[in-house]
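Asks:
Residue numbers (our numbering), protein chains in the order written: chain A, 1 to 82; chain B, 83 to 258.
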């Protein structure tokens, strides 16, 4: 098991299959990868993370969006995002 | 981590960095050599517990274990970190937004493992994923927060865990 974390969403990447396209050189996870293997944009990731919080815990949409934004604010991929 | 233990026992608000330095046997300045702020120290302590929780569940789910085994792993991981888990459970709403977010994030991560294990079970009642998780975590948190009622000598999840797992498993299954 490795100690990598996705630079986009923070998900632990413990095994190759957790990485985008199963490539351990990629610093983002398979959830944050598009079909072509490239990393999703900020807006795509924000939508996905918001939906994730809603589907797993049933959070209010606005609350989920704010939480997702706060989570992403600390991610290496999005620290420069306004 | 001494800091994590102090935060768990004394609370996030009531633990100052001087307490952490004293417990660790280092100078106050040494604490800040490693952590830029008190908030960073608190976040690191909470992160450590959260990571232990998800690592434990990742191992069990990765092995294709049953829902009951995954739920047991969840309870075991909480028990192993009970002081810190309870502290976060009680105080997360009043903590800085970063910690509140971390708490919510870890619950979603745990939910994912439980939902994945449940999806492998047969004859489940159709229900929204979040209701499945919220029902389980609601039960667990109720027992944790009221340990003095259900297990006054301690070890509430060890004592009632099997019954909770059994009840929940039957609750979400269709009647034969």
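C-beta atoms are modelled at their ideal positions from N, C-alpha and C, and glycine is treated no differently.
On the CB-based measure, 16 or more other CB atoms within 10 Å of its CB, does residue 25 of chain A come out buried or exposed?
Replies: exposed
Asks: Quick one: residues in its chain with C-beta nearer than 8 Å to the C-beta of residue 125 of chain B, no 5 flanking neighbours on either side, listed in chain order?
Replies: 180, 181 and 184
Asks: Could you name the residues that DSSP lists as bridge partners for residue 255 of chain B?
Replies: B:206
Asks: Closer than 9 Å by beta-carbon distance: list the chain B residues that pair up with residue 58 of chain A, in chain order.
Replies: Simply 210, 211, 212, 213, 215 and 216.
Asks: Please name the residues in the region 4-20 of chain A whose beta-carbon is closer than 9 Å to at least one beta-carbon of chain B, in chain order.
Replies: 10, 11, 12, 14 and 15
Asks: I need the straight-line Cα distance from residue 166 of chain B to residue 58 of chain A, nearest angstrom please.
Replies: 25 Å
Asks: Consult DSSP for residue 9 of chain A and reduce its assignment to one of helix, strand or coil.
Replies: coil
Asks: Distance, Cα to Cα, residue 14 of chain A vs residue 23 of chain A?
Replies: Rounded to the nearest angstrom, the two C-alpha atoms are 12 Å apart.
Asks: So, using beta-carbon positions, are residue 250 of chain B and residue 153 of chain B closer together than 8 Å?
Replies: yes
Asks: Run down chain B in chain order and give the residues with a C-beta less than 9 Å from the C-beta of residue 70 of chain A.
Replies: Near residue 70 of chain A (Cβ distances below 9 Å), the residues of chain B are 179, 180, 182 and 183.
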